[in-house]
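Colleague: Line order of the protein sequences matches chains F and V.
Note that my numbering numbers the first sequence so that position 99 is 102, with each residue one more than the last.
Note that my numbering numbers the second sequence so that position 144 is 169, with each residue one more than the last.
Each residue gets a CB set at the ideal place from its N, CA and C atoms; glycine is no exception.
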Amino acid sequence: MADFIQLSINGLALGSVYALAAIGFVIVYSATGVVNFASGQFVMLGTFAGVAMLINGGLPWPVGYVGALAAMALFGALFFLVVYLPLRSSPVVTIIIGTVAVGIALQNAAQLTFGSWPFRLQSPFEGMTIEIAGAVITVHAVAVVVGTGILIGLLWLLLHRTTIGIGMRAVAQDVKAARLMGLRVNGLLAFSWVLAALLAGIAGLMLGPMWFADVNMGDPIALKAFAATIIGGFGSLPGAIAGGLFVGLTEVLGASYLSSAYKDLIAFGAMIAFLLVRPQGIFGERIQDRG
Amino acid sequence: MSIRTLLGLVAILVIGGALSLVLSDYSLRLMNLAVVSAVAVIGLNFAFGYSGLISLGHSAFAGLSAYCVAILTTKLGLSPWVAMPVAIIATALSAALIGYPLLRLKGHYLALATLGFNVSFTIVAINWLDLTGGTNGIAGIPHLSVAGYELSDERSFLWFALISLTLVAAAAAAIHRSRHGRAMIAVRDDEIAAAMAGIDVTGVKVAAFTLAGTCAAIAGCLFATHIRFVAPEDFNYAHSITYLAMLIVGGEGSIAGAIIGAVVLTFLPEWLRVLGDAYLLFFGLMMLVILVILPTGIVGLVRRISLKRRSPGDETTNVPARAGAHS
Numbered sequence: 004m005a006d007f008i009q010l011s012i013n014g015l016a017l018g019s020v021y022a023l024a025a026i027g028f029v030i031v032y033s034a035t036g037v038v039n040f041a042s043g044q045f046v047m048l049g050t051f052a053g054v055a056m057l058i059n060g061g062l063p064w065p066v067g068y069v070g071a072l073a074a075m076a077l078f079g080a081l082f083f084l085v086v087y088l089p090l091r092s093s094p095v096v097t098i099i100i101g102t103v104a105v106g107i108a109l110q111n112a113a114q115l116t117f118g119s120w121p122f123r124l125q126s127p128f129e130g131m132t133i134e135i136a137g138a139v140i141t142v143h144a145v146a147v148v149v150g151t152g153i154l155i156g157l158l159w160l161l162l163h164r165t166t167i168g169i170g171m172r173a174v175a176q177d178v179k180a181a182r183l184m185g186l187r188v189n190g191l192l193a194f195s196w197v198l199a200a201l202l203a204g205i206a207g208l209m210l211g212p213m214w215f216a217d218v219n220m221g222d223p224i225a226l227k228a229f230a231a232t233i234i235g236g237f238g239s240l241p242g243a244i245a246g247g248l249f250v251g252l253t254e255v256l257g258a259s260y261l262s263s264a265y266k267d268l269i270a271f272g273a274m275i276a277f278l279l280v281r282p283q284g285i286f287g288e289r290i291q292d293r294g
Numbered sequence: 026m027s028i029r030t031l032l033g034l035v036a037i038l039v040i041g042g043a044l045s046l047v048l049s050d051y052s053l054r055l056m057n058l059a060v061v062s063a064v065a066v067i068g069l070n071f072a073f074g075y076s077g078l079i080s081l082g083h084s085a086f087a088g089l090s091a092y093c094v095a096i097l098t099t100k101l102g103l104s105p106w107v108a109m110p111v112a113i114i115a116t117a118l119s120a121a122l123i124g125y126p127l128l129r130l131k132g133h134y135l136a137l138a139t140l141g142f143n144v145s146f147t148i149v150a151i152n153w154l155d156l157t158g159g160t161n162g163i164a165g166i167p168h169l170s171v172a173g174y175e176l177s178d179e180r181s182f183l184w185f186a187l188i189s190l191t192l193v194a195a196a197a198a199a200i201h202r203s204r205h206g207r208a209m210i211a212v213r214d215d216e217i218a219a220a221m222a223g224i225d226v227t228g229v230k231v232a233a234f235t236l237a238g239t240c241a242a243i244a245g246c247l248f249a250t251h252i253r254f255v256a257p258e259d260f261n262y263a264h265s266i267t268y269l270a271m272l273i274v275g276g277e278g279s280i281a282g283a284i285i286g287a288v289v290l291t292f293l294p295e296w297l298r299v300l301g302d303a304y305l306l307f308f309g310l311m312m313l314v315i316l317v318i319l320p321t322g323i324v325g326l327v328r329r330i331s332l333k334r335r336s337p338g339d340e341t342t343n344v345p346a347r348a349g350a351h352s
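So, in structure tokens, the structure goes:
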């Protein structure tokens, strides 16, 4: 039982990271219709922004985290200008290949900057543990789960209670109508990219202490985020959260109780099963026009 | 067969044959890889170029076939000439079986489903140690021999690969010109209209996907007998994305485009080698630039230039509609 609790919390923590990556992917998809295959590299860049600030820069963690997230916000805006705008009217496949190409470039850029040797990014709660019913749990894992919960709450407030968020949802529903209503559509689309980059950055900072910071970490995260998105329902934020937690839990529990070699097959098997039986996922996709 | 197709097929043999006499051994190896990729990409052209089915699992079919050849030749001691037809038939059947349920999906759903298939294939290839040898792969696949002559060097293998490519391209051109090819394009352009015209939409999609899998299987056989070693990372999803990139850079919906794209993207990393460690950075950015400035690929560019010469101001009407747009 103690093992199970410990594994479940670790699974939820990993799932939270996947959920944040999936939310970033979904926000961009809903607002712009772009299937962003570079989203895993966004998370990798988040981790390495942390490495740059905390390890290379030697900054204390509150300053370092803010610096890393500021860098990610800037990156999101840059991605909007350099990648999204030129590709915006291209067909799905061109966008898939285009974002993959940019992902390759980003990975190579990170490798040139940081080298291929993995880094160990320390948590602010490094070495701290708590005990629940005999299970020893790292404070970092608990902080990740709680932090993700708070972030999701804030995101809900942003999307439902602020002018920017309501504008973003309007753009997601109908770009032309949003433009006719006088919304600054391009600004809102740019903000979606910045928000996605920020969420990926937070996911990356959370993931750094759980895995090693490695320039090749982007692809596995992207694949898990895709699986999470499909399982939860393409384009749905609650779906991204549920799917992310599902993928994280099955990965950690499956590795311990079923097979560590085939742990990833559970998530992808579930993804394909959902596509065949219920392609709209748990929460379904709204029908909408995209920019 | 039209004169143009015939000229194209002769061009493959003449240009490839001429290059085989002048290139260094290392370039010949790359040529071989390019020709093997071209066979696979011609297959992908059936699924994506003609029928509009986005497949990110193409490399898994090449892998399935290559592993079949490797297992049948090394574990059962069969001749490659027996193993290869078995591998191609087995792969074509799996493509039909996998395609039938998956092809109800469209656009990015199909892309992610086939991606999931490819990732699952790699996981199984890595972990089914008894059969696949895990990450160590399977070595010691025998050379192909033709009429007692062993294709053990790059040059003689290239001749064999070029002949295979020509045959595949000829078959693809014949299918393209047939009723079946037109049915695929009709399904891509408008599924409902195609169904109204009496086309069995699901059947056409599964047939296109199976043809794609068959070409990938032929490429897998060529890969296995050329490199004579198979490992899971040779067939991971990144290669599927590369195949799709080759088709789009060359020009989708065109056999010539498939071949040109395969050659260009195989040699591009070599041409960028002067950049050293940073070549992938430039490769990625260059791909992005190509996609933005050449949305219909190299073949589309050539077509547009020749149309401009013929009738100035009329080039937009003849640019083919892109498959998968807004889906």
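1) Would you list the residues sitting across from residue 134 of chain F in a DSSP beta bridge?
2) Cβ closer than 8 Å: which chain F residues qualify as neighbours of residue 167 of chain V?
3) Sort out for me which residues DSSP pairs residue 170 of chain V with in a bridge.
4) Give a yes or no on whether the C-beta atoms belonging to residue 146 of chain V and residue 169 of chain V are separated by under 8 Å.
5) Give a yes or no on contact between the stretch 208 to 217 of chain F and the stretch 47 to 66 of chain F, applying the rule of three or more CB pairs nearer than 8 Å.
6) Mind checking residue 13 of chain F: buried by the 16 CB within 10 Å criterion, or exposed?
7) Listed from N- to C-terminal order along the chain, which residues in the stretch 226 to 257 of chain F have their beta-carbon within a distance smaller than 9 Å of any beta-carbon of chain C?
8) Would you say residue 45 of chain V lies against chain F (beta-carbon separation less than 8 Å)?
9) Which one or two residues does DSSP pair with residue 163 of chain V in a beta bridge?
10) Could you confirm whether any beta carbon from chain V is found closer than 8 Å to the beta carbon of residue 265 of chain F?
11) Anything in chain V within Cβ reach of residue 279 of chain F, meaning under 9 Å, just list it in chain order.
12) Give me, in chain order, the residues of the same chain whose beta-carbon lies closer than 6 Å to that of residue 56 of chain V; leave out the 5 immediate sequence neighbours on both sides.
13) Looking at residue 166 of chain V: is its Cβ nearer than 8 Å to the Cβ of residue 95 of chain V?
14) Would you mind telling me which residues of chain V sit closer than 9 Å to residue 99 of chain F, beta carbon to beta carbon, in chain order?
15) Between residue 285 of chain F and residue 190 of chain F, what straight-line distance do the alpha-carbon atoms span, to the nearest angstrom?
16) What does the Cβ neighbour count give for residue 295 of chain V, buried or exposed, with the cut at 16 atoms within 10 Å?
17) Measuring only the C-alpha atoms, how far is residue 36 of chain V from residue 43 of chain F?
18) Quick check on the burial criterion: 16 or more other C-beta atoms within 10 angstroms. Buried or exposed for residue 18 of chain F?
19) With DSSP as the reference, please indicate the residues paired to residue 249 of chain V in a beta bridge.
20) Can the beta-carbon of residue 243 of chain F be found closer than 8 Å to that of residue 251 of chain F?
21) So residue 282 of chain F contacts chain V; which residues on that side make the cut at Cβ distance below 9 Å?
22) Of the choices F:280, F:59, F:9, F:58, whose alpha-carbon is the least far from that of residue 138 of chain F?
23) So which residues on chain F does residue 360 of chain V lean against when the C-beta distance must stay under 7 Å?
24) What is the residue span of the alpha helix (DSSP H) that residue 227 of chain F lies within?
25) State yes or no: is the beta carbon of residue 89 of chain F nearer than 8 Å to at least one beta carbon in chain V?
26) For residue 308 of chain V, which residues in chain F fall below 7 Å Cβ to Cβ?
27) Does residue 352 of chain V have its Cβ less than 8 Å from a Cβ in chain F?
28) In this structure, does DSSP put residue 7 of chain F in helix, strand or coil?
29) Give me the chain F residues within the contact set of residue 145 of chain V, using Cβ-Cβ distance strictly less than 9 Å, ordered along the chain.
30) Return helix, strand or coil for residue 264 of chain F, following the three-state DSSP convention.
31) Could you tell me whether any Cβ in chain F is nearer than 8 Å to the Cβ of residue 273 of chain V?
32) Would DSSP call residue 36 of chain V helix, strand or coil?
33) With C-beta atoms as the reference, is residue 126 of chain F less than 8 Å away from residue 223 of chain F?
34) Listed in chain order, which residues of the stretch 166 to 191 of chain V have Cβ atoms closer than 7 Å to some Cβ of chain F?
35) From residue 256 of chain V to residue 85 of chain V, what distance separates their C-alpha atoms?
36) Taking DSSP as the reference, what is the three-state secondary structure of residue 216 of chain F?
Modeller: Taking the definition as stated:
1) Sequence index remark: in the first sequence, residue 134 of chain F carries index 131 (1-based). According to DSSP, residue 134 of chain F bridges with F:139.
2) For the purposes of this step, residue 167 of chain V is identified with residue 142 of the second sequence, where counting begins at 1. Near residue 167 of chain V there are no residues of chain F at all, since even the closest Cβ is about 30 Å away, more than 8 Å.
3) Along the second sequence, one-based indexing puts residue 170 of chain V at 145. Per DSSP, V:175.
4) Numbered from 1 along the second sequence, position 121 holds the residue referred to as residue 146 of chain V. Numbered from 1 along the second sequence, position 144 holds the residue referred to as residue 169 of chain V. No.
5) yes
6) Sequence index remark: in the first sequence, residue 13 of chain F carries index 10 (1-based). The residue is buried, with at least 16 neighbouring Cβ atoms inside 10 Å.
7) Note that chain C does not occur in the displayed structure, where the protein chains are F and V.
8) Here the question's residue 45 of chain V lines up with position 20 in the second sequence. No - not a single Cβ of chain F is within 8 Å of the one on residue 45 of chain V.
9) On the second sequence, position 138 is the one that residue 163 of chain V refers to. Paired residue(s): V:255.
10) As a position in the first sequence, residue 265 of chain F is number 262, starting the count at 1. For residue 265 of chain F, the answer is yes, since a Cβ of chain V falls inside 8 Å of its Cβ.
11) Mapped onto the first sequence, residue 279 of chain F falls at position 276. By Cβ distance, chain V contributes 126, 127, 129, 130, 138.
12) Along the second sequence, one-based indexing puts residue 56 of chain V at 31. Excluding sequence neighbours, residue 56 of chain V sits near 183.
13) Position 141 of the second sequence, counted from the start, is the residue given in the question as residue 166 of chain V. Position 70 of the second sequence, counted from the start, is the residue given in the question as residue 95 of chain V. Contact flag set, yes.
14) On the first sequence, residue 99 of chain F is found 96 positions in, with the first residue counted as 1. Within 9 Å Cβ-Cβ: 79, 81, 133, 136, 266, 269.
15) Within the first sequence, numbered from 1, the residue matching residue 285 of chain F stands at position 282. Within the first sequence, numbered from 1, the residue matching residue 190 of chain F stands at position 187. Roughly 31 Å separates the two Cα atoms.
16) Residue mapping note: residue 295 of chain V aligns to position 270 of the second sequence, counting from 1. Exposed, because fewer than 16 other Cβ atoms sit within 10 Å of the Cβ of residue 295 of chain V.
17) In the second sequence, counting from the first residue as 1, residue 36 of chain V sits at position 11. In the first sequence, counting from the first residue as 1, residue 43 of chain F sits at position 40. If I take the Cα positions, the gap works out to 42 Å.
18) As a working mapping, residue 18 of chain F is identified with position 15 in the first sequence. Residue 18 of chain F is buried by the Cβ-count criterion.
19) The residue you call residue 249 of chain V lines up with position 224 of the second sequence. In the DSSP output, where bridge partners are listed per residue, residue 249 of chain V has none listed.
20) Here residue 243 of chain F corresponds to residue number 240 of the first sequence, with the count starting at 1. Here residue 251 of chain F corresponds to residue number 248 of the first sequence, with the count starting at 1. For residue 243 of chain F and residue 251 of chain F, no; Cβs fall outside 8 Å.
21) Position 279 of the first sequence holds residue 282 of chain F. By Cβ distance, chain V contributes 129, 130, 134, 138.
22) One-based indexing of the first sequence puts residue 138 of chain F at position 135. The candidate whose alpha carbon is nearest that of residue 138 of chain F is F:9.
23) For residue 360 of chain V there is no data in the structure shown, the boundaries of chain V being 26 and 352.
24) Numbered from 1 along the first sequence, position 224 holds the residue referred to as residue 227 of chain F. 221 to 235 is the extent of the alpha helix (DSSP H) around residue 227 of chain F.
25) Here residue 89 of chain F refers to the residue found at position 86 of the first sequence. Output row for residue 89 of chain F: interface = yes.
26) To locate residue 308 of chain V, count along the second sequence from 1; it is residue 283. What residue 308 of chain V touches in chain F: 107.
27) For the purposes of this step, residue 352 of chain V is taken as residue 327 along the second sequence, with counting starting at 1. Since pLDDT at residue 352 of chain V reaches only 36, below the 50 mark, its modelled position is unreliable, and no value is offered.
28) Position 4 of the first sequence, counting from 1, holds the residue named residue 7 of chain F. Correct three-state label for residue 7 of chain F: helix.
29) Locating residue 145 of chain V in the second sequence gives position 120, counting from the first residue. In chain order: 267, 268, 271, 272, 275.
30) Along the first sequence, read from residue 1 onward, the residue named residue 264 of chain F stands at position 261. Three-state DSSP puts residue 264 of chain F in coil, outside helix and strand.
31) For the purposes of this step, residue 273 of chain V is taken as residue 248 along the second sequence, with counting starting at 1. True, the Cβ-Cβ gap to chain F drops below 8 Å.
32) Within the second sequence, residue 36 of chain V is the residue found at index 11, counting from 1. The answer is helix: DSSP assigns residue 36 of chain V an H, G or I state.
33) Taking the first sequence and counting its residues from 1, one reaches residue 126 of chain F at position 123. Taking the first sequence and counting its residues from 1, one reaches residue 223 of chain F at position 220. Against a cut-off of 8 Å, the Cβ pair of residue 223 of chain F and residue 126 of chain F comes out as no contact.
34) none
35) Indexing the second sequence from 1 puts residue 256 of chain V at position 231. Indexing the second sequence from 1 puts residue 85 of chain V at position 60. Computed Cα separation, rounded: 12 Å.
36) The sequence position of residue 216 of chain F within the first sequence is 213, counting from 1. Note: residue 216 of chain F maps to strand in three-state DSSP.
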